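So the structure is just underneath, and the comments pick up after that.
Number of protein chains: 2
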Amino acid sequence: MNTAFANIGQTNSHLNGQVAREIATKILSGEIAEGETLPSEPVLCEKMGVSRTAFREAIKILYSKGMVESKPRVGTRVRCKTNWNFLDVQLLEWMVGIETKKDIYLEFLDLRKAIEPQACAFAAERATKEQRIELTTTFQRMCAIAEDFDQDQWIETDAQFHRMIFISSGNSFYVPFGNVLVAMFKWFILFSSKDGGVCIDEHREIYDAIMAGDSTRAFKASQSLMQKDKHGLGKSS
Amino acid sequence: MNTAFANIGQTNSHLNGQVAREIATKILSGEIAEGETLPSEPVLCEKMGVSRTAFREAIKILYSKGMVESKPRVGTRVRCKTNWNFLDVQLLEWMVGIETKKDIYLEFLDLRKAIEPQACAFAAERATKEQRIELTTTFQRMCAIAEDFDQDQWIETDAQFHRMIFISSGNSFYVPFGNVLVAMFKWFILFSSKDGGVCIDEHREIYDAIMAGDSTRAFKASQSLMQKDKHGLGKSS
DNA sequence: GAGTCCCTTATAGTCATACAATTGATTGTA
DNA sequence: TACAATCAATTGTATGACTATAAGGGACTC
Numbered sequence: 310m311n312t313a314f315a316n317i318g319q320t321n322s323h324l325n326g327q328v329a330r331e332i333a334t335k336i337l338s339g340e341i342a343e344g345e346t347l348p349s350e351p352v353l354c355e356k357m358g359v360s361r362t363a364f365r366e367a368i369k370i371l372y373s374k375g376m377v378e379s380k381p382r383v384g385t386r387v388r389c390k391t392n393w394n395f396l397d398v399q400l401l402e403w404m405v406g407i408e409t410k411k412d413i414y415l416e417f418l419d420l421r422k423a424i425e426p427q428a429c430a431f432a433a434e435r436a437t438k439e440q441r442i443e444l445t446t447t448f449q450r451m452c453a454i455a456e457d458f459d460q461d462q463w464i465e466t467d468a469q470f471h472r473m474i475f476i477s478s479g480n481s482f483y484v485p486f487g488n489v490l491v492a493m494f495k496w497f498i499l500f501s502s503k504d505g506g507v508c509i510d511e512h513r514e515i516y517d518a519i520m521a522g523d524s525t526r527a528f529k530a531s532q533s534l535m536q537k538d539k540h541g542l543g544k545s546s
Numbered sequence: 310m311n312t313a314f315a316n317i318g319q320t321n322s323h324l325n326g327q328v329a330r331e332i333a334t335k336i337l338s339g340e341i342a343e344g345e346t347l348p349s350e351p352v353l354c355e356k357m358g359v360s361r362t363a364f365r366e367a368i369k370i371l372y373s374k375g376m377v378e379s380k381p382r383v384g385t386r387v388r389c390k391t392n393w394n395f396l397d398v399q400l401l402e403w404m405v406g407i408e409t410k411k412d413i414y415l416e417f418l419d420l421r422k423a424i425e426p427q428a429c430a431f432a433a434e435r436a437t438k439e440q441r442i443e444l445t446t447t448f449q450r451m452c453a454i455a456e457d458f459d460q461d462q463w464i465e466t467d468a469q470f471h472r473m474i475f476i477s478s479g480n481s482f483y484v485p486f487g488n489v490l491v492a493m494f495k496w497f498i499l500f501s502s503k504d505g506g507v508c509i510d511e512h513r514e515i516y517d518a519i520m521a522g523d524s525t526r527a528f529k530a531s532q533s534l535m536q537k538d539k540h541g542l543g544k545s546s
């Protein structure tokens with residue numbers, strides 16, 4: 310498989326990535342408040358032990374997510390939270406481990422409820438042949454895992470299944486949700502209980518409806534799954 | 310007003326911003342295909358007449374939007390489109406002027422239909438006092454503009470009104486939509502016709518419902534506006 | 001005293017160069 | 001053929017110098 314098409318996450322193990330993560334974490338946790346200006350570049354470079362080159366690349370990453378803005382003579386300030394792009398995979402991954410944010414998946418569920426049924430409906434209408442094949446492959450994997458249950462594998466495959474639906478919607482704006490969803494699912498691996506059965510029947514209903522091209526049924530099936538599953542995990546609780 | 314809370318857009322007039330825009334445009338338009346690797350850094354720096362520093366900062370911006378990934382000895386390759394974050398203000402702004410993308414607002418409308426009614430409902434339930442005040446101020450401006458009609462001002466204020474609703478939803482994941490919406494509305498200024506009346510009554514219904522704290526009514530009012538308005542512009546056509 | 005203009009200065013923005021780290025490709029060897 | 005060592009191309013990082021920008025203070029005018 311072409312690497313350009315493989316990974317979803319954006320874990321950047323380089324220095325600039327680490328710096329970006331470190332600062333982002335402080336901003337997201339509120340340790341650095343909105344409106345506050347960061348110490349100057351030389352100071353922070355010294356403090357973090359990196360060169361200006363790496364540091365500035367890190368800042369560009371934060372900038373492009375709407376978290377900071379820089380001006381000469383002023384410095385780099387943290388923008389208002391309303392400008393942060395929470396629908397960004399990296400940003401979500403940075404939130405992992407921030408204690409005060411661990412309940413944010415509840416907010417995400419409210420978004421899923423609004424958008425995912427419609428995504429399923431679109432997928433039923435517009436999924437290409439290739440997308441149907443991949444959806445089938447993924448669903449079959451889910452069935453296998455449901456039989457011989459493994460928590461981590463289930464979550465990963467479940468996320469992939471739902472992501473595939475968003476991709477199959479044929480709408481550019483729906484696609485990013487699939488990626489965000491995958492990022493959120495990674496959280497659940499960290500602190501989800503090992504018990505509870507999977508909603509394989511509910512997923513089958515969604516799958517069947519999409520394959521049958523029945524958008525109304527797909528819409529309802531998705532709604533039904535989200536209704537049953539308080540955690541948005543594909544697990545009944 | 311604190312500058313950290315003022316601007317929504319992210320127009321970066323610096324060199325790295327220009328470079329980012331230039332390359333992003335070529336990627337978005339398909340001139341540089343998915344999976345393709347860019348020429349090496351020294352080559353592109355020469356070609357564009359900038360230093361590696363500025364160039365690499367530009368690439369970091371694209372990277373953080375999921376558009377490219379870099380590896381030593383391999384180069385920088387364009388990632389699969391499914392990884393691009395279309396729910397990003399800068400990315401949307403870069404799309405302006407790409408001829409083949411000018412109908413993408415139709416896709417966006419499909420997203421709005423799914424999410425905005427729910428945002429209105431949440432806003433009715435959870436808008437803070439300050440948010441209600443700002444919403445009121447904005448709505449009053451809309452009314453004034455509707456009287457003494459000005460196309461550009463209408464679009465700008467209309468966008469601000471809808472953005473305020475997303476912010477008032479109290480859900481971190483709904484907020485970015487408001488910003489994306491503003492970016493999309495900027496397009497309309499470019500190629501919208503000057504005729505057509507504004508849907509001030511429909512907007513008033515949404516506003517009243519939110520102020521009354523009636524989420525069901527707010528939901529329906531938003532649906533109704535989107536139904537009536539084929540372009541999602543707040544204008545009947 | 002209030003306002004305007006200009007100068008100073010701190011800060012980010014840009015450049016050039018050198019070196020380090022990574023990894024695909026090549027070559028060598030069993 | 002399979003595996004290991006080497007090479008080389010490309011990005012990653014560091015450093016130092018210079019430029020551009022704009023906040024803040026001071027002198028001047030009204």
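Chains P and D, in that order, give the protein sequences. In this text, residue positions in the first sequence follow our numbering: the first is 310, and each later residue adds one. In this text, residue positions in the second sequence follow our numbering: the first is 310, and each later residue adds one. Idealized CB from N, CA, C, for every residue including glycine. All values derive from a computational prediction rather than experimental measurement.
Nearest to residue i (by Cα), restricted to the options the options
{"i": "T437/D", "options": "M535/D, I519/D and P426/D", "result": "I519/D"}
{"i": "S477/P", "options": "K495/P, D467/P, L444/P and L420/P", "result": "L444/P"}
{"i": "E350/P", "options": "G339/P, P381/P and L401/P", "result": "P381/P"}
{"i": "Q449/P", "options": "P348/P, R435/P, Q460/P and T466/P", "result": "T466/P"}
{"i": "E331/D", "options": "L371/D, M535/D, I442/D and D523/D", "result": "L371/D"}
{"i": "Y516/D", "options": "Q440/D, I464/D, D461/D and Y414/D", "result": "Q440/D"}
{"i": "L415/P", "options": "L490/P, Q327/P, L353/P and I442/P", "result": "L490/P"}
{"i": "I442/P", "options": "G339/P, F470/P, R361/P and A329/P", "result": "F470/P"}
{"i": "I413/D", "options": "W496/D, C354/D and F528/D", "result": "W496/D"}
{"i": "L534/D", "options": "R421/D, L347/D and L396/D", "result": "R421/D"}
{"i": "K356/P", "options": "S379/P, T346/P, V328/P and E345/P", "result": "V328/P"}
{"i": "Q536/D", "options": "Q462/D, D419/D and T447/D", "result": "D419/D"}
{"i": "F417/P", "options": "A527/P, E340/P, N488/P and S524/P", "result": "N488/P"}
{"i": "V507/P", "options": "Q460/P, F395/P and I317/P", "result": "Q460/P"}
{"i": "S379/P", "options": "E345/D, S322/D and P348/D", "result": "S322/D"}
{"i": "G522/P", "options": "Q532/P, R435/P, G358/P and G479/P", "result": "R435/P"}
{"i": "E408/D", "options": "S524/D, T362/D and G339/D", "result": "G339/D"}
{"i": "V359/D", "options": "L396/D, G326/D and G479/D", "result": "G326/D"}
Identified DSSP bridge partners for residue i
{"i": "K379/D", "result": "First, the residue type needs correcting, since residue 379/D is Ser and not Lys in the sequence shown. Answer by DSSP bridge pairing, in chain order: T385/D."}
{"i": "T346/D", "result": "R386/D"}
Contact check, residue i vs residue j, beta carbons under 8 Å
{"i": "A423/P", "j": "A423/D", "result": "yes"}
{"i": "V398/P", "j": "Q319/P", "result": "yes"}
{"i": "L324/D", "j": "K410/D", "result": "no"}
{"i": "W403/D", "j": "A333/D", "result": "yes"}
{"i": "K547/D", "j": "L400/D", "result": "Residue 547/D is absent from the model: chain D starts at 310 and stops at 546."}
{"i": "M473/D", "j": "H512/D", "result": "no"}
{"i": "E514/P", "j": "A530/P", "result": "yes"}
{"i": "V377/P", "j": "R365/P", "result": "no"}
{"i": "I464/D", "j": "I498/D", "result": "yes"}
{"i": "K369/P", "j": "K335/D", "result": "no"}
{"i": "A468/P", "j": "F431/P", "result": "no"}
{"i": "G384/D", "j": "L347/D", "result": "yes"}
{"i": "T525/D", "j": "T362/P", "result": "no"}
Contact between the stretch 388-398 of chain P and the stretch 453-472 of chain P is defined here as three or more beta-carbon pairs at a separation below 8 Å; is this criterion met?
Counting C-beta pairs closer than 8 Å gives fewer than three between the stretch 388-398 of chain P and the stretch 453-472 of chain P, which falls short of the contact rule.
Decide yes or no for the touch test of the stretch 426-433 of chain D against the stretch 478-493 of chain D: beta carbon pairs closer than 8 Å, at least 3 of them.
Yes: the two stretches touch, three or more of their Cβ pairs being nearer than 8 Å.
Can you list the alpha helix (DSSP H) stretches of 4 or more residues lying completely in the stretch 406-453 of chain P, in chain order?
413-435, all fully within the stretch 406-453 of chain P.
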